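Peer 1: The structure's right below; bear with me while I get my questions together.
Protein chains: 2
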Amino acid sequence: MKQKILALCGGVGGAKLAYGLSQLTTPEEIVFLVNTGDDFIHLDLHISPDLDTVMYTLAGVNDPKKGWGVKEETWNALGSLKKYGLDTWFQLGDKDLATHIRRTQLLKEGLKLSEVTRNLSSQLGLKHNILPMSESPVQTMIQTDQGKLSFQEYFVKHKCDPKIEKIEFLGSEVAEVPTSLEELIKDDKFTGIIICPSNPYLSVDPILSINKIRTFLLETNIPILAVSPIIDNDSIKGPTAKIMDEMKVEPSVNAIAAHYSELINILVIDQKDKDNQANIGSIDYLVDSIYMKNNEDKVSLAKVCLEELRKLA
Amino acid sequence: MKQKILALCGGVGGAKLAYGLSQLTTPEEIVFLVNTGDDFIHLDLHISPDLDTVMYTLAGVNDPKKGWGVKEETWNALGSLKKYGLDTWFQLGDKDLATHIRRTQLLKEGLKLSEVTRNLSSQLGLKHNILPMSESPVQTMIQTDQGKLSFQEYFVKHKCDPKIEKIEFLGSEVAEVPTSLEELIKDDKFTGIIICPSNPYLSVDPILSINKIRTFLLETNIPILAVSPIIDNDSIKGPTAKIMDEMKVEPSVNAIAAHYSELINILVIDQKDKDNQANIGSIDYLVDSIYMKNNEDKVSLAKVCLEELRKLA
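Taken in order, these protein sequences are the chains called A and B.
For the first sequence, the positions run 7 to 319 when my numbering is used.
For the second sequence, the positions run 7 to 319 when my numbering is used.
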């Protein structure tokens, strides 16, 4: 049977698995559903950091060292914006800037964010389908000990330093799910769902905050697999472990299993955690190497995920 | 007596003399009034080519080889915009792009173009006063044998190739002259006016198409000096001579004198044209070296202009 996968992902970590998945599937076999809770308007430009990371990664133009942005990037526009007295905490590369300019222009012309994403990614030679979780703005707002911050303020400007008290997703109640996703759900087209190893609180929860998507995941009978963003009680990259600490949750694969317990059938965890499998809900664990340091690792992990979903189907 | 000069200029040629003038005057002693007929919206950015050329030149950050744009420029955003299928006939450097982004942002915030220009140029360390000829859009439209073109389409996209039939300045009747210029005129503050060696038809005429400015120049008793953009029956740079041909005017210093005959008292011409002084109206000729190949030449010519205006005052 042909697979039809829905892959939920955020930025860097999620994009790595997404790359692996894209190498093993035709464009018809997978939809990448990407967090847009980090989107923001900066210098009057519409910036979609996670959509861009996934798009650049799948198109092979990403900066493999940083994980985000475009390879062989220069920073001259940013340097000049700084001279004009502008706040330049958000790193805007010259090549990357073109994406924001074009996205802003197409949105202004009346295209939906999914259409813009399709347009941009196809111009980069990408055939796989990247969808924003919402056509309308859903903004991740973080209540911290230093006040309420937008995701970018928290993540980039304050370098995840403030202590998180509460996370909200403004606009999620009225989020406009892309029509093509709604149709795939309605027509029962998916055969499996993957939650990529992105930050559960800041990258995946925004997607799950949208009622139509959460309800689909809660009610569907198709298998749902998640890949742990935690290895050996620490984040692979980024602030996941720190945030779990602040949320009074011990950073562990079990905490991840508990976080997704209502949704997933199986959690893929690393070899290093093979002795840490607590019995949580009806969740199974699959042990593999989940640290993706190169493209081979990404494809290898993707293969494990696809095969497991095939078995569970 | 302290001088107070009004210098009318377009892009490259005008900016050269403007640079020379800026080296010999305090910011209180001169106002640079710049053509904005070439301004256009591109990628939803407000681009003011002549304002930028004058600003970059006076701030010493211009590309001395090209005459326009910023020195040590890179072109990576443009390369990426091209990948997104965009029309990239207009050369947008990465550093230059920052200027357009910031200008667009400030205009959107409600600042007038003169305020934006003040803001940008002061951030570049510039104390001299650069004013746009109009706060509101005045668009140079060129009727050619290949149809009606905007200035940028004619000049950059079509490389001045179409034959000019007629030039119009849309919006000039309702142009909003900067308040500070109006006040200087009303209070009779200027002691001399210089028309810089820019293209008379495409760079200076747009400024003169604005009634308040033209009337002031026609009615004032203060001396007006122009520097010829023609040397030895050819343009110094750009399409002036070609356009004169198409306008059925022989490219010569006399034709320039005739073009400005109602306005100016004196035309500064090059040594090479010293034998070509026809008696036109009440115009005198001043012979000097007007080809500016380096900064010394610019200052030297500026000195001649300022001294001549002092004599005539």
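Glycine included, each C-beta is placed from N, C-alpha and C at the ideal position.
Computed from a predicted model, the values in this text were never measured in an experiment.
Please decide whether B/ASN82 counts as near chain A, where near means a Cβ-Cβ distance under 8 Å.
Peer 2: Within the second sequence, residue 82 of chain B is the residue found at index 76, counting from 1. By this cut-off, B/ASN82 is an interface position.
Peer 1: Skipping 5 residues on each side, what residues in its chain have a beta carbon closer than 7 Å to that of A/LYS248?
Peer 2: Translated into positions along the first sequence, residue 248 of chain A becomes position 242. Correct list, in chain order: CYS166.
Peer 1: One question on the structure: do A/ILE213 and A/ALA232 come within less than 8 Å of each other, judged by their Cβ atoms?
Peer 2: The sequence position of residue 213 of chain A within the first sequence is 207, counting from 1. The sequence position of residue 232 of chain A within the first sequence is 226, counting from 1. No. Outside cutoff.
Peer 1: Please list, in chain order, the chain B residues whose beta carbon lies closer than 7 Å to that of A/ALA104.
Peer 2: For this step, residue 104 of chain A is matched to residue 98 along the first sequence. Correct list: ALA83, SER86, LEU87 and TYR90.
Peer 1: If you measure from the beta carbon of B/ASP45 to each beta carbon in chain A, is any gap under 8 Å?
Peer 2: As a first step, residue 45 of chain B is located in the second sequence; it is residue number 39 there, counting from the start. Not one chain A Cβ lies under 8 Å of B/ASP45.
Peer 1: Considering only the alpha carbon of each residue, which of B/TRP81, B/ILE219 and B/GLU268 lies closest to B/ALA94?
Peer 2: The count along the second sequence starts at 1 and reaches residue 94 of chain B at position 88. At residue 94 of chain B the sequence reads Thr, which differs from the Ala that was named. For the residues B/TRP81, B/ILE219 and B/GLU268, the minimum Cα distance to B/THR94 belongs to B/TRP81.
Peer 1: Looking only at its own chain, which residues have a Cβ that is under 7 Å from the Cβ of B/ASP279, when we skip the five neighbours before and after it?
Peer 2: Reading the second sequence from its first residue, position 273 is the one you call residue 279 of chain B. For B/ASP279, where only same-chain residues beyond five positions count, the Cβ hits under 7 Å are ILE237, ASP238 and VAL259.
Peer 1: What separation, rounded to the nearest whole angstrom, lies between the Cα atoms of A/THR197 and A/GLU314?
Peer 2: One-based indexing of the first sequence puts residue 197 of chain A at position 191. One-based indexing of the first sequence puts residue 314 of chain A at position 308. For A/THR197 and A/GLU314, the distance between alpha carbons rounds to 12 Å.
Peer 1: Could I get the ranges of all uninterrupted beta strand (DSSP E) runs contained in the region 91-149 of chain B, with 3 residues as the minimum, in chain order?
Peer 2: Whole beta strand (DSSP E) segments, 3+ residues: 135-138.
Peer 1: Just confirm the distance between the C-beta atoms of A/VAL304 and A/LYS22, as a whole number of angstroms; I'd bet it's less than 8 Å.
Peer 2: Reading the first sequence from its first residue, position 298 is the one you call residue 304 of chain A. Reading the first sequence from its first residue, position 16 is the one you call residue 22 of chain A. Checking the sequence, you will find Lys at residue 304 of chain A rather than Val. Yes, A/LYS304 and A/LYS22 are in contact; Cβ-Cβ is about 5 Å, under 8 Å.
Peer 1: Report the option in B/SER241, B/ASN205, B/HIS164 and B/VAL310 whose CA atom is closest to the CA atom of B/GLN152.
Peer 2: Within the second sequence, residue 152 of chain B is the residue found at index 146, counting from 1. It is B/HIS164 whose Cα lies nearest to the Cα of B/GLN152.
Peer 1: Could you tell me the alpha carbon to alpha carbon distance between A/SER267 and B/PHE46, rounded to whole angstroms?
Peer 2: Numbered from 1 along the first sequence, position 261 holds the residue referred to as residue 267 of chain A. Numbered from 1 along the second sequence, position 40 holds the residue referred to as residue 46 of chain B. Rounded to the nearest angstrom, the two C-alpha atoms are 56 Å apart.
Peer 1: Within 10 angstroms of its Cβ, does A/ARG109 collect 16 or more other Cβ (buried), or is it exposed?
Peer 2: Here residue 109 of chain A is taken as the residue at index 103 of the first sequence, counted from 1. Per the 10 Å Cβ criterion, buried.
Peer 1: Closer than 6 Å by C-beta to B/PRO257: which residues in its own chain qualify, once you throw out the five before and the five after it? Chain order, please.
Peer 2: The residue given as residue 257 of chain B occupies position 251 in the second sequence. Taken in chain order, the residues that qualify are ILE236, ASN239, ALA247 and MET250.
Peer 1: With distance defined between alpha-carbon atoms, name the residue in B/SER128, B/THR63, B/GLY26 and B/GLN158 nearest to B/HIS2.
Peer 2: This structure leaves residue 2 of chain B out entirely; chain B is present only between 7 and 319.
Peer 1: Given this structure, state the Cα-to-Cα distance separating B/THR123 from B/GLU78, to the nearest angstrom.
Peer 2: What you label residue 123 of chain B is simply residue 117 of the second sequence in a count that begins at 1. What you label residue 78 of chain B is simply residue 72 of the second sequence in a count that begins at 1. Looking at the two C-alpha atoms, the distance is approximately 22 Å.
Peer 1: Of all the alpha helix (DSSP H) runs that stay within the bounds of the region 173-217 of chain A, which reach a length of 4 or more residues?
Peer 2: Within the region 173-217 of chain A, the complete alpha helix (DSSP H) runs of at least 4 residues are 185-192 and 211-214.
Peer 1: How is B/ASP151 classed by DSSP in three states: helix, strand or coil?
Peer 2: Start at 1 with the first residue of the second sequence, and residue 151 of chain B comes out as number 145. In this structure, B/ASP151 counts as coil in the three-state DSSP scheme.
Peer 1: In the DSSP assignment, find the beta strand (DSSP E) that holds B/ALA232 and state where it starts and stops.
Peer 2: Taking the first residue of the second sequence as 1, we reach residue 232 of chain B at position 226. Looking at the DSSP string, the run of the beta strand (DSSP E) that includes B/ALA232 is 230-233.
Peer 1: With 8 Å as the threshold, decide whether the Cβ of B/ILE136 is near any Cβ in chain A.
Peer 2: For the purposes of this step, residue 136 of chain B is taken as the residue at position 130 of the second sequence. Cβ-Cβ to chain A under 8 Å: no for B/ILE136.
Peer 1: Identify whether B/VAL49 lies in helix, strand or coil by the three-state DSSP scheme.
Peer 2: As a first step, residue 49 of chain B must be located in the second sequence, where it is residue number 43. The amino acid at residue 49 of chain B is misidentified as Val; the sequence shows Leu. B/LEU49 falls in the coil class under three-state DSSP.
Peer 1: Can you pull out the residues from the region 40-66 of chain B whose beta carbon lies closer than 8 Å to at least one beta carbon of chain A?
Peer 2: Result list: LEU49, ASP50 and LEU51.
Peer 1: For chain A, find out if any of its Cβ atoms is closer than 8 Å to the Cβ of B/THR185; answer yes or no.
Peer 2: Position 179 of the second sequence, counting from 1, holds the residue named residue 185 of chain B. Chain A contact via Cβ: absent.
Peer 1: Using alpha carbons as the reference points, say which of B/ILE275, B/THR146 and B/GLY85 lies closest to B/LEU307.
Peer 2: Translated into the one-based positions of the second sequence, residue 307 of chain B becomes position 301. Residue B/ILE275 is the option with its Cα nearest to B/LEU307.
Peer 1: Rank B/GLY73, B/GLU115 and B/LEU49 by C-alpha distance to the C-alpha of B/VAL6 and give the top, closest one.
Peer 2: The structure shown has nothing for residue 6 of chain B, since chain B only spans 7 to 319.
Peer 1: Looking at chain A, is there any beta carbon in it that lies within less than 8 Å of the beta carbon of B/THR110?
Peer 2: Walking along the second sequence from the start, residue 110 of chain B turns up at place 104. So, interface residue.
Peer 1: In chain A, what lies closer than 9 Å to B/LEU130 by C-beta?
Peer 2: One-based indexing of the second sequence puts residue 130 of chain B at position 124. Near B/LEU130 (Cβ distances below 9 Å), the residues of chain A are LYS89 and TYR90.
Peer 1: Just to check my reading of the structure: B/LEU39 and B/LEU187 have Cβ atoms closer than 8 Å, yes? What is that Cβ distance to the nearest angstrom?
Peer 2: One-based indexing of the second sequence puts residue 39 of chain B at position 33. One-based indexing of the second sequence puts residue 187 of chain B at position 181. Confirmed, about 7 Å.
Peer 1: Quick check on A/GLN97: buried or exposed, where buried means 16 or more other Cβ atoms within 10 Å of its Cβ?
Peer 2: Along the first sequence, one-based indexing puts residue 97 of chain A at 91. So A/GLN97 ends up on the exposed side.
Peer 1: What does B/LEU117 reach in chain A if we use C-beta pairs closer than 7 Å?
Peer 2: On the second sequence, residue 117 of chain B is found 111 positions in, with the first residue counted as 1. Per Cβ cutoff of 7 Å: no residues; B/LEU117 is ~13 Å from chain A at best.
Peer 1: So what's A/ALA284 in DSSP terms, helix, strand or just coil?
Peer 2: Translated into the one-based positions of the first sequence, residue 284 of chain A becomes position 278. Residue state, collapsed to three classes: coil.
Peer 1: In the DSSP output, what is B/ASN68 paired with across the bridge?
Peer 2: Position 62 of the second sequence, counting from 1, holds the residue named residue 68 of chain B. DSSP, once it has assigned bridges, lists B/VAL76 as partnering B/ASN68.
Peer 1: Quick one: any contact between the region 172-189 of chain A and the region 140-156 of chain A, if contact means 3 or more CB pairs under 8 Å?
Peer 2: A contact exists between the region 172-189 of chain A and the region 140-156 of chain A.
Peer 1: Can you give the beta carbon distance from A/ASP294 to A/ILE272, rounded, assuming they're within the 8 Å contact cut?
Peer 2: As a first step, residue 294 of chain A must be located in the first sequence, where it is residue number 288. As a first step, residue 272 of chain A must be located in the first sequence, where it is residue number 266. So it is not a contact: roughly 11 Å between Cβ atoms.
Peer 1: So what's A/TYR62 in DSSP terms, helix, strand or just coil?
Peer 2: Start at 1 with the first residue of the first sequence, and residue 62 of chain A comes out as number 56. Reduced to three states, the DSSP call for A/TYR62 is helix.
Peer 1: Quick one: which chain B residues come within Cβ less than 7 Å of A/ASP93?
Peer 2: Here residue 93 of chain A is taken as the residue at index 87 of the first sequence, counted from 1. Chain B residues near A/ASP93: none, gap ~12 Å exceeds 7 Å.
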